[in-house]
Amino acid sequence: MADFGADTELEGFRQEARTWLEANFPAALKGKAHLASGEVRLNDPDLMVWRKAIGAKGWATPMWPAEYGGGGLSNAQARVLQQEMGRIGAFNPLMFGMGITMIGPTIMDYGTEEQKKKHLPPIVRGDVQWCVGYSEPNAGSDLASLQTKAVDNGDGWTIDGSKIWTSGAQYSDWCGALVRTDPSAKKHEGISFMLIDMHQPEIDVRPIPLIAGASPFCETFFTEAKVPRDALLGQLNVGWTVGKRLLQHERASQTGAGGMGGRQTPLQDIAKTYVGVDEHGRLADTDLRTRLSKHLMDARVHGLTLARAVAEAKGSNNPGSAASVLKNSATSVAQTRAELTLEIYGQQGLGWEGEAFAAEELETVRGWLFGKAMSIYGGSSEIQNNIISKRILGLPDTTQSS
Numbered sequence: 000m001a002d003f004g005a006d007t008e009l010e011g012f013r014q015e016a017r018t019w020l021e022a023n024f025p026a027a028l029k030g031k032a033h034l035a036s037g038e039v040r041l042n043d044p045d046l047m048v049w050r051k052a053i054g055a056k057g058w059a060t061p062m063w064p065a066e067y068g069g070g071g072l073s074n075a076q077a078r079v080l081q082q083e084m085g086r087i088g089a090f091n092p093l094m095f096g097m098g099i100t101m102i103g104p105t106i107m108d109y110g111t112e113e114q115k116k117k118h119l120p121p122i123v124r125g126d127v128q129w130c131v132g133y134s135e136p137n138a139g140s141d142l143a144s145l146q147t148k149a150v151d152n153g154d155g156w157t158i159d160g161s162k163i164w165t166s167g168a169q170y171s172d173w174c175g176a177l178v179r180t181d182p183s184a185k186k187h188e189g190i191s192f193m194l195i196d197m198h199q200p201e202i203d204v205r206p207i208p209l210i211a212g213a214s215p216f217c218e219t220f221f222t223e224a225k226v227p228r229d230a231l232l233g234q235l236n237v238g239w240t241v242g243k244r245l246l247q248h249e250r251a252s253q254t255g256a257g258g259m260g261g262r263q264t265p266l267q268d269i270a271k272t273y274v275g276v277d278e279h280g281r282l283a284d285t286d287l288r289t290r291l292s293k294h295l296m297d298a299r300v301h302g303l304t305l306a307r308a309v310a311e312a313k314g315s316n317n318p319g320s321a322a323s324v325l326k327n328s329a330t331s332v333a334q335t336r337a338e339l340t341l342e343i344y345g346q347q348g349l350g351w352e353g354e355a356f357a358a359e360e361l362e363t364v365r366g367w368l369f370g371k372a373m374s375i376y377g378g379s380s381e382i383q384n385n386i387i388s389k390r391i392l393g394l395p396d397t398t399q400s401s
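0 is the number of the first residue of the sequence shown in numbering that gives the first Met the number 0; add one for each residue after it.
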């Protein structure tokens, strides 16, 4: 006889999730996932209420351990929660935070029990914001050339140097940074990962303006900034390993796997509104219809591949090299959608401000501009292609002489 207990339990959780979401998700936020990006209206009262509610519930991090404030849900329950959020146009207001996508998972990988208890619950609740200090003016793609140094001062370390492109540093309470702790070691060695309190006068954050308007990027300067002994994540001088792990988590978060965001309006519906249809109800522009169909197929293939990768992981939270494939395909799908949307809008896709343009039209223009960065942040598309060729396809490294 078949055992239906598991299915019954899952449907019971579905009803629990549906009831809780309907009681706690502000209807005014439906379809407004962009507010969660940290760039727009952080003080929106409905958003603040929603952040507090889902943080207290632990469902912003549904599969994190309950002892650290997470939801403690199974993979199946997390999928049900995602489905129910999508059904009502809800979104995870913390999904864009580096605390959830990068720092938190890395602390779970390498942190002491004391570090986990100290840092994870505030991340889950949305009480703190995190940034990541990696790139420097002279250490971008060649990150191991970083020069920001941490010198042992007896009680902890004193940090001097600068970081660049530190996204969200102007809002952040903490920074997870790679620093050089042994300048005499080889460049990939002698690096440590530090958890740095940003609330000290020895740290100067300067936002970098972008063409899209609001910018997450900053320059961050450390001038004799202090960190205690418990700021070290992982082993001293073995921070390169920790840093690579964080990048795996970052790339996994950019594949579309972490989701739980509000639904986008189907692009074909937007096209029918702006471009019009023929007597058969099809898009009047046949060339656009062909390109739009290809895009929708690519998006569907990406979604199916992502679902397969999640299923094959069998509950493991460990990101692998496949994240590089999905990161590149997610970038391609998102950028193509943005390009097509502007084309569909026609002259309404050329607006920057003014009453002649609807809010969604203006947001699309800015999103199109900012979306160009997807090919660079989290590891450029070229870097991902190198990882794919070497680690997945097993191709030889042609940059090395024989």
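Ideal placement from N, C-alpha and C gives every residue a C-beta, glycine not left out.
Residue i: first and last residue of the uninterrupted beta strand (DSSP E) it sits in
i	result
residue 157	155-163
residue 191	190-196
Separation of residue j from residue i, as counted between CA atoms
i	j	result
residue 207	residue 169	10 Å
residue 350	residue 273	15 Å
residue 178	residue 228	14 Å
residue 126	residue 110	20 Å
residue 306	residue 75	12 Å
residue 52	residue 90	13 Å
residue 276	residue 285	10 Å
residue 183	residue 154	22 Å
residue 400	residue 389	Below a pLDDT of 50, predicted positions are generally treated as unreliable, and residue 400, at 48, falls in that range; no measurement from the model is reported.
residue 247	residue 101	9 Å
residue 395	residue 386	11 Å
residue 314	residue 343	Since pLDDT at residue 314 reaches only 49, below the 50 mark, its modelled position is unreliable, and no value is offered.
residue 88	residue 173	31 Å
residue 232	residue 9	37 Å
residue 282	residue 364	23 Å
residue 261	residue 31	Because residue 261 carries a pLDDT of 45, less than 50, the predicted location of this residue cannot be relied on, and the following value inherits that uncertainty. One C-alpha to the other measures close to 7 Å.
residue 341	residue 362	11 Å
residue 80	residue 69	14 Å
residue 38	residue 205	The predicted position of residue 38 is uncertain, since its pLDDT is 46 and thus under 50; no value can be drawn from it.
residue 223	residue 185	24 Å
residue 220	residue 199	12 Å
residue 270	residue 135	43 Å
residue 25	residue 95	19 Å
residue 291	residue 268	11 Å
residue 243	residue 108	12 Å
residue 259	residue 355	Residue placement at residue 259 is flagged as unreliable, the pLDDT there being 44, under the threshold of 50; the coordinate-derived value follows with that caveat. Rounded to whole angstroms, residue 259 to residue 355 spans 33 Å at the Cα level.
residue 150	residue 393	40 Å
residue 103	residue 278	54 Å
residue 64	residue 116	11 Å
residue 147	residue 345	47 Å
C-beta neighbour in chain D for residue i, strict 7 Å
i	result
residue 42	Chain labels in this structure do not include chain D; a single protein chain is all it has.
Start-to-end residues for the alpha helix (DSSP H) that takes in residue i
i	result
residue 370	358-370
residue 131	Counting along the chain, residue 131 falls outside any alpha helix (DSSP H), though it belongs to the beta strand (DSSP E) covering 129-132.
residue 29	Taken as a continuous stretch (DSSP letters only), residue 29 belongs to no alpha helix (DSSP H), as it is neither H nor E.
residue 184	No alpha helix (DSSP H) contains residue 184, which DSSP labels as neither H nor E.
residue 276	Element bounds for residue 276: n/a, residue is neither H nor E.
residue 384	380-386
residue 389	From DSSP, residue 389 is part of no alpha helix (DSSP H); its letter is neither H nor E.
residue 122	112-124
DSSP bridge partner residues for residue i (one or two, in chain order)
i	result
residue 148	159 and 179
residue 219	162 and 204
residue 225	157
residue 237	190
residue 232	192
residue 138	135
residue 173	129 and 196
residue 282	276
Closer than 6 Å: residue i CB and nearest the ligand NAP heavy atom
i	result
residue 191	The ligand NAP is not among the ligands present in this structure, which contains no ligands whatsoever.
Beta-carbon proximity of residue i to residue j, cut-off 7 Å
i	j	result
residue 189	residue 181	yes
residue 302	residue 337	no
residue 139	residue 165	no
residue 294	residue 335	yes
residue 129	residue 160	no
residue 230	residue 266	no
residue 105	residue 287	no
residue 83	residue 22	no
residue 197	residue 171	yes
residue 62	residue 46	no
residue 20	residue 67	no
residue 368	residue 122	no
residue 218	residue 158	no
residue 298	residue 324	no
residue 93	residue 59	yes
residue 191	residue 152	no
residue 330	residue 373	yes
residue 156	residue 226	yes
residue 360	residue 347	yes
residue 383	residue 326	yes
*asked:* What ranges does the alpha helix (DSSP H) occupy inside the stretch 40-108, keeping only unbroken runs of at least 4 residues that lie completely in it?
replied: 44-56 and 74-86
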